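Those sequence lines, one after another, are chains A and B.
With our numbering, the residue at position 116 of the first sequence is 120, and numbering never jumps.
With our numbering, the residue at position 33 of the second sequence is 36, and numbering never jumps.
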Amino acid sequence: MFSISKEYAPPFEMIAPFFKVGTFFYLAGVIFLLFLDPGSSYTDMHIVGWAHWFLLGFVMMIIFGAMAQLVPVVVEVGHFSVDLYLIIWPLLMAGTMIMSAGFVFAPGILPYGGVLVLVAMVIFLYDTTMTLKKVQYISLTVKTVAAANLFLLSGIITGFVMSLAIGEGISVDINKWLSVHAVLVLGGYVTLTIIGLSLILLPMFGLSHGFNETPINRAFKLMIAGVLGYFFSALVGIEWGNYLSLVVMFVAVGFYLQQIVVIYKTRARKENDIWAKSMFFGYGSLFAALALGALWFLTGAERLLLDAAWFLIMGFFTFLINGHLYKIIPFLVWFKRYSPLVGKERVPMLHEMYPKKEAEYEFIFSALGVAIAGIGILFGSATLFKAGVSFLIVGAGFMFYSVVWMINYGKDKE
Amino acid sequence: MCSITKEQVYEAISTVIDPEVGFNLVEMGLIYDAIVEESCNVKVVMTLSTRGCPLHQMITQWVREAVERIDGVGVVEVEVVWEPAWNISMAADNVKAALGAGGTAMW
Chain A
5 MFSISKEYAP
15 PFEMIAPFFK
25 VGTFFYLAGV
35 IFLLFLDPGS
45 SYTDMHIVGW
55 AHWFLLGFVM
65 MIIFGAMAQL
75 VPVVVEVGHF
85 SVDLYLIIWP
95 LLMAGTMIMS
105 AGFVFAPGIL
115 PYGGVLVLVA
125 MVIFLYDTTM
135 TLKKVQYISL
145 TVKTVAAANL
155 FLLSGIITGF
165 VMSLAIGEGI
175 SVDINKWLSV
185 HAVLVLGGYV
195 TLTIIGLSLI
205 LLPMFGLSHG
215 FNETPINRAF
225 KLMIAGVLGY
235 FFSALVGIEW
245 GNYLSLVVMF
255 VAVGFYLQQI
265 VVIYKTRARK
275 ENDIWAKSMF
285 FGYGSLFAAL
295 ALGALWFLTG
305 AERLLLDAAW
315 FLIMGFFTFL
325 INGHLYKIIP
335 FLVWFKRYSP
345 LVGKERVPML
355 HEMYPKKEAE
365 YEFIFSALGV
375 AIAGIGILFG
385 SATLFKAGVS
395 FLIVGAGFMF
405 YSVVWMINYG
415 KDKE
Chain B
4 MCSITKEQVY
14 EAISTVIDPE
24 VGFNLVEMGL
34 IYDAIVEESC
44 NVKVVMTLST
54 RGCPLHQMIT
64 QWVREAVERI
74 DGVGVVEVEV
84 VWEPAWNISM
94 AADNVKAALG
104 AGGTAMW
């Protein structure tokens, strides 16, 4: 039997910056979209700079903050040294800013940003690895966290080598390693981590029980096999191996979606709060990304690949992250400010601790923005893309307001 | 002979509310048993709605403190078990209705 003791839970002050900084990167990131051409190639430096701003500054920043809270829940032991999280976010923030500026304006500074990001991630991996070493029961989730971390390490090393190639001119086949870097980080770390976390979080918030876990087990194994297959195929130059590995990853995501349907069908909690709506839109976007990705695979049209990436990043990753912020931040705030008052005075429920109206606006504007801009990318319409981005900016503004509102809830109790 | 009843123990525990769902632990069906010994020591057997609950230790502490507020109670022990696993059918009808478990959902 296991419990998260109070000493396992990281202090609120330690995690709050991840969410504040991450939401800032999100807001700024969607504003920067206005200056991108949706018809650009994915190798265009403006696109690459934006992708690093968004994926490192928002997606990874929030994932790291959430992992500070969730690693003990997932692997059932306390952190090796939770204090290390104090230095992760400043390094990641500074590194991401320098890297993004390097891609767009000054390639020479790219390796300096890269080294800061590398150090931030190595510290994160060090704590997670040392934490995993304390685990006695090696469950599938523990194996998945370990595999995801290895992929992250490989991904950031390939990324750092490429930053040296761009900034310092060392000889590396960037086109070849760019796709390996993307597969290792997005498929091997982000997707695998989201799959692992959702197996814990979706049943917890939806009160799902007694469901079959076979599909997600298949998803884990196939995703790991696909990422490894892609890496080694690229290493030895087997092109058909890369395609086969992509198919395996697509199938893995298909099994993952099957698991989500199974969890959804067994849920006891059927109210449609902001979390539930965000999950619904996020998984719908993942399905759209999968379909667009399959079409790209068949036709080779680069626009389809860019649109698949749009729905994956802005629809799936973003809505899963933002939806969970409405659960995680109120919990952390409640834990810090109200848990000591239980039994002494009336304490608020978690659903009272986020601004419902603004959260609703955030969802509506963001969902419309993702859909409209996605159609814009598909048809190569810059006007439609920017119209969608305008909706996204309004949505991100409401998200930023909501995060500040949630973090400040009950501040007078301190 | 101890005069504390099982009903009193349940009533005391019903002041403990799960902050995520907003219902007390008794109506959630999380309390499996309350054993009152002749010495007035009390053993509460309970479960949680999920194994990964980050409030695990705090909830068991709140249950212990709630029972300790009963006049004349002795030592209070709280045991968390995972068998039988909790499911929504164990909750009271008002909880099922509020969560939508017995009704229709938009999606």
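Where is the CB? At the ideal position from N, CA and C, for every residue including glycine.
Computed from a predicted model, the values in this text were never measured in an experiment.
{"Item": "Mapping DSSP to helix, strand and coil, what is B:E80?", "Value": "strand"}
{"Item": "Go ahead and pull the three-state DSSP assignment for B:N111.", "Value": "Not covered by the structure: residue 111 of chain B. The range shown for chain B is 4 to 110."}
{"Item": "Going by DSSP, what residues sit across from A:S212 in a beta bridge?", "Value": "A:R271"}
{"Item": "Are the segment 302 to 312 of chain A and the segment 26 to 46 of chain A in contact at 8 Å, needing three or more beta carbon pairs?", "Value": "yes"}
{"Item": "List the endpoints of the continuous beta strand (DSSP E) containing B:W88.", "Value": "Going by the sequence as given, residue 88 of chain B is Ala instead of Trp. Unbroken run through B:A88: none, as it is neither H nor E."}
{"Item": "For A:T27, which residues of its own chain have a beta-carbon under 7 Å away from its beta-carbon, when the five flanking residues on both sides are left out?", "Value": "M403, F404 and V407"}
{"Item": "Within its chain, find whatever has a CB closer than 8 Å to the CB of A:P344; leave out the 5 residues flanking it on each side and keep chain order.", "Value": "none"}
{"Item": "Between A:M125 and the rest of its own chain, which residues show a CB-CB distance below 7 Å, the 5 nearest in sequence each way excluded?", "Value": "L156 and I160"}
{"Item": "Along the segment 50 to 64 of chain B, what residues have a CB closer than 7 Å to any CB found in chain A?", "Value": "S52, T53, G55, P57, H59, Q60 and M61"}
{"Item": "Would you mind sorting A:R350 into buried or exposed? The rule is 16 or more other CB atoms within 10 Å of its CB.", "Value": "exposed"}
{"Item": "Going by CA-CA distance only, name the one from A:K331, A:V139 and A:I220 that's closest to A:M208.", "Value": "A:K331"}
{"Item": "Please state whether DSSP places B:M31 in a helix, a strand or coil.", "Value": "coil"}
{"Item": "Go to B:I66, then tell me how far its beta strand (DSSP E) extends in each direction, as first and last residue.", "Value": "Residue 66 of chain B is actually Val in this sequence, not Ile. Where B:V66 is concerned, there is no enclosing beta strand (DSSP E), although the alpha helix (DSSP H) it sits in stretches over H59 to E71."}
{"Item": "Where A:A423 and A:A110 are concerned, what is the direct C-alpha to C-alpha distance, given to the nearest angstrom?", "Value": "Because chain A here runs from 5 to 418, residue 423 of chain A falls outside it and cannot be looked at."}
{"Item": "Pairing CB atoms from the segment 277 to 296 of chain A with CB atoms from the segment 320 to 336 of chain A, are three or more of them under 8 Å?", "Value": "yes"}
{"Item": "Measuring only between beta-carbons, confirm whether B:P22 sits less than 8 Å from chain A.", "Value": "yes"}
{"Item": "Would you say A:G192 and A:T148 are within 8 Å of each other, going by their C-beta atoms?", "Value": "no"}
{"Item": "Would A:G2 and B:A88 be called neighbours here (beta carbons separated by less than 8 Å)?", "Value": "This structure cannot settle anything about residue 2 of chain A, because the visible part of chain A is limited to 5 through 418."}
{"Item": "Just to check my reading of the structure: A:F389 and A:G373 have Cβ atoms closer than 8 Å, yes? What is that Cβ distance to the nearest angstrom?", "Value": "Incorrect: roughly 10 Å between the Cβ atoms, too far for contact."}
{"Item": "Residues of chain B with CB under 7 Å from A:S343, in chain order?", "Value": "M61"}
{"Item": "Less than 8 Å between the C-beta atoms of B:V66 and B:V48, yes or no?", "Value": "no"}
{"Item": "With respect to the beta strand (DSSP E) encompassing B:K46, which residues constitute its N-terminal and C-terminal limits?", "Value": "V45 to M49"}
{"Item": "Give the interface partners of A:L421 over in chain B, defined as CB-CB distance under 7 Å, in chain order.", "Value": "Residue numbering for chain A in the displayed model covers 5 to 418; residue 421 of chain A lies beyond these limits and cannot be assessed."}
{"Item": "Please report how far the alpha carbon of A:K426 lies from the alpha carbon of B:S52, in whole angstroms.", "Value": "This structure leaves residue 426 of chain A out entirely; chain A is present only between 5 and 418."}
{"Item": "Within 8 Å of any Cβ in chain A, is that where the Cβ of B:E14 sits?", "Value": "no"}
{"Item": "If contact means a Cβ-Cβ distance below 7 Å, which residues of the segment 260 to 273 of chain A contact chain B?", "Value": "A272 and R273"}
{"Item": "Given that A:P207 touches chain B, what residues does it touch there, using C-beta distances under 7 Å?", "Value": "T53"}
{"Item": "Can you name the residues of chain B whose CB is closer than 8 Å to the CB of A:G1?", "Value": "Past the boundaries of the shown model lies residue 1 of chain A; chain A is included only from 5 to 418, so the question cannot be answered."}
{"Item": "For A:V252, tell me which candidate among A:V231, A:V165 and A:L203 has the shortest Cα-Cα distance.", "Value": "A:V231"}
{"Item": "Out of curiosity, what's the CA-to-CA distance linking A:V165 and A:F62?", "Value": "23 Å"}
{"Item": "With C-beta atoms as the reference, is B:I20 less than 8 Å away from B:A69?", "Value": "no"}
{"Item": "Output yes if chain B places a C-beta closer than 8 Å to the C-beta of A:E364; else output no.", "Value": "no"}
{"Item": "In whole angstroms, what separates the C-alpha of A:K225 from that of A:A256?", "Value": "8 Å"}
{"Item": "Give the straight-line distance between the Cα atoms of A:M227 and A:V139, rounded to the nearest whole angstrom.", "Value": "23 Å"}
{"Item": "Using a Cβ-Cβ distance under 8 Å, would B:G32 count as near chain A?", "Value": "no"}
{"Item": "What separation, rounded to the nearest whole angstrom, lies between the Cα atoms of A:F68 and A:L203?", "Value": "18 Å"}
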